Every structure is written in C-alpha cells, then in structure tokens.
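**Q** This is the structure I have questions about; it appears just below.
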Amino acid sequence: MTSNPTFVLVPGNFLPPSYYASTAKLLESHGFPTRLVTIPSTGSKSLLTSNEPDIIAVRDVLEELSDSGKEIIAVAHSYGSIPTCEAVEGLGTQERLELGKSGGVARLVLVAAWLLQEGESPPAIIGRYRMEAPWARFKGGKIFADDPAYALHNDTSADVAAYWSSYTNHSDLAAFATPLKHVAWRHIPNTYLLCELDRCIPPRVQEGMLASTEGTVRTVRLPSGHVPMLSMPQKLVDILREEAGKDSIKDH
33 MTSNPTFVLV
43 PGNFLPPSYY
53 ASTAKLLESH
63 GFPTRLVTIP
73 STGSKSLLTS
83 NEPDIIAVRD
93 VLEELSDSGK
103 EIIAVAHSYG
113 SIPTCEAVEG
123 LGTQERLELG
133 KSGGVARLVL
143 VAAWLLQEGE
153 SPPAIIGRYR
163 MEAPWARFKG
173 GKIFADDPAY
183 ALHNDTSADV
193 AAYWSSYTNH
203 SDLAAFATPL
213 KHVAWRHIPN
223 TYLLCELDRC
233 IPPRVQEGML
243 ASTEGTVRTV
253 RLPSGHVPML
263 SMPQKLVDIL
273 REEAGKDSIK
283 DH
C-alpha cells in the first residue's frame, strides 16, 4: 500500500506558521503528514542581503523528507513561492527517479503566489502592473503590513481579522526583492490557486502572471482573500487532497 504524500506548507510574507495550523490539522486528520516551514525573513531582527536564508529553511525540510524516501507536495503561499521554487531544484521526483532515488517533490501548489519568470522579482511585477499597496509601509529595509485586516483578512469576520492581524510581523525587503533563478513550475507538476478576492496580490495581477506561463500552469479559482488557510481551510484542504490523488510523475 502506497503511503500518502507529505505536505510541506511554506508561509508568505508577514505570516508566522501558526496561520497554517488549521490547514495542517485538517490534512493530518485525513492521514497526510504535514510540515510547517518557518521563514527567517519574516520578523528577522537583522537585515538580510537576499532570500538565501529562506531558501535554506525550505530546502532543509525538503531534503530531509526526500532522503527519507517521502513523496512531497510543496504548498507555497504568496512570497513563499519564491524560496520554494529555488529550494526544489534537483529534488523533483522524476529527477530523483532518474538517479535511482526515491522520494522528492511530486507537485507544487502555489496559493495566491508570485509566479515569476527567471530574473523577475516581486518589485518588478508591482511596477509592471502598477500595483498600489497603501496598507504596506517600507522603512529601514523592512516591509510592514500596517493594515493586515484590509489586505489579508477581508473575507473573514472583523473579530477574526483583528485576532490574526495581531500575529503578523515585518518582512525583509532584500529577501522580497531577490530575483528568481530557478523557474520550478516548468519542471515540476503544479497547480496555482487564484484567490478572487485578494487585496494583496490582486486577481488581475495573478491572472497576468498566469498568462505569461502560456497555459503550462493548472489553475483553480477560490472565492477567497489572500489567506484562504484562515477563511476557508476546509475548501483548501479539499483541493489539496485532490492534488494528492494525481499521478505526480506522469501528470503534466
């Protein structure tokens, strides 16, 4: 009997792993092992020079699981897609199979994510689409979400938005601005979850990034804001369970 894949959840900017706890608990209730990654650039006390610490944090988890023969579905949210795309290089199940190794990253699920081409960075996308973010503040090499209830939690109740907004933290600007080197969605089967009520990365921007992939990225639309892990965790888990049922090597 084949064991279930392990889900690795990679947070976006501003968000601690606790944001993803309810999703992880639901996945585990259905028999899926789950790991939460802590992103060093969120809440970092010292300024970074790149997103390398984030890549290492993701890579360490993926390598540990891969070398244990585990099949992985990497779920990367928002900014988390960037270090995840870098971290999966050489760890795809097909790549490892060709080397006589088991385990590896079977699929990528990108949730309201920055879907970048080689050499692109979020600031480049922000400029291209003339994105406005009055809720964000840039100061001293850091990015602050001054109104997370508006930007991140617009599809939850006021009480829920206020509670979770208190747990957000600053993000490192240098990490956020690091250009992408490895376009993982070209090499690993993937699905993009487009969040239709998103105020952080607006739907038109998500759609524009998807258009640049020329149909190579499977898309599922969610009637949610930027953080469906909080507003509709059961719906999100239903989609993730569906992803786990796909033929990870032959599909795509």
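Every position in the sequence shown, counted from 1, becomes a number in this note's numbering once 32 is added.
We put the beta carbon where it would ideally sit given N, CA and C, even for glycine.
Everything numeric in this text was worked out from a predicted model, so none of it was measured.
1. Whether or not the stretch 76-88 and the stretch 112-123 are in contact is what I'm after, with contact meaning three or more pairs of Cβ atoms, one per stretch, closer than 8 Å; do they touch?
2. I need the boundaries of the beta strand (DSSP E) containing residue 104, first residue and last residue.
3. Within a Cβ cutoff of 7 Å, which residues of the same chain sit near residue 208, ignoring the five residues on either side of it in sequence?
4. Below 8 Å, can you find three or more Cβ-Cβ pairs linking the stretch 182-190 to the stretch 251-263?
5. Looking at C-alpha atoms only, which residue of 39, 47, 93 and 42 is the closest neighbour of residue 202?
6. So is residue 199 buried or exposed if we call it buried at 16+ other beta carbons inside 10 Å?
7. Could you work out which residue in 137, 210, 143 and 72 is closest to residue 96 when comparing CA atoms only?
8. By the three-class DSSP mapping on this structure, what secondary structure does residue 128 have?
9. Going along the chain, which residues of its own chain have a beta-carbon closer than 7 Å to the beta-carbon of residue 170, five neighbours each way excluded?
10. Tell me whether the beta-carbon of residue 73 lies closer than 9 Å to the beta-carbon of residue 83.
11. Quick test of your reading: residue 167 and residue 182, contact by CB under 8 Å. State the CB separation rounded to the nearest angstrom.
12. To which residues of the same chain is residue 233 closer than 6 Å at the C-beta, ignoring the five residues directly before and after it?
**A** Reading from the atomic positions:
1. yes
2. 103-109
3. 45, 111, 154 and 175
4. yes
5. 47
6. exposed
7. 137
8. helix
9. 205
10. yes
11. 5 Å
12. 144
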